[in-house]
Each structure stands twice: as structure tokens, then as C-alpha cells.
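Each remark here refers to the structure printed beneath this line.
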Amino acid sequence: LKTAPRGFDKEHPDMDLIRMQQFIITREFTDEEVLSPHFFEEVSSSFKTMRPYFDYMSEILTTDLNGVSMIE
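Just so it is clear: in the sequence shown, position 4 is -7 by our numbering, and no numbers are missing.
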């Protein structure tokens, strides 16, 4: 977005984040990590680290402005 979304203060300190339309989390692995016998543990650990983000996004994307679930 080029401007502040409707309802947001244009001077909000996090406007650069508010204007984003996509949020992407990545984790790169080296060839050595991928071929390691412990690769599964590395991947599992990475997903556990990302889980709070996914939980938060699921919560805010499935509730209305009053905090009421839209999927129940």
C-alpha cells in the first residue's frame, strides 16, 4: 500500500509494517544441514520458533474488529 489504510493514523510509528500486504517467514538451510541426520530436528525447531507468529496471525485474521470469532 502506498498510503495508510483507512482508520489508521498516518503518523503511526509502525506504518511501514501496517502498509505491508504480505508477511513472509523464511529459514534457509545449508546443504550440510539438509544432509545431516539431525535435519528433522532442525526443521522441527524452526517450525516451533515460527508457531507463535502463525497462532497470532490466525487469531487476528479470523476475528472481527470486536474480537469475535468469524469461524464459529
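Here a beta-carbon is modelled for each residue, glycine too, at the ideal position from N, C-alpha and C.
Check: Can you name the residues that DSSP bridges to S58?
Finding: T52
Check: Comparing alpha-carbon positions, which option in K37, V32, K(-9) and F43 lies nearest R8?
Finding: Shortest Cα-Cα distance from R8 to any of K37, V32, K(-9) and F43 involves K(-9).
Check: Taking just the CA atoms, how far does H27 sit from Q10?
Finding: The straight-line gap from Cα to Cα measures roughly 35 Å.
Checklist line | First through last residue of the alpha helix (DSSP H) which encompasses E21 | finding: Where E21 is concerned, the enclosing alpha helix (DSSP H) starts and stops at D20 to L24.
Margin query: Could you give the first and the last residue of the continuous alpha helix (DSSP H) run that contains I7?
Written below: M4 to I7
Notebook entry, point to check: If you run the structure through DSSP and keep just helix, strand and coil, what is P41?
Noted result: helix
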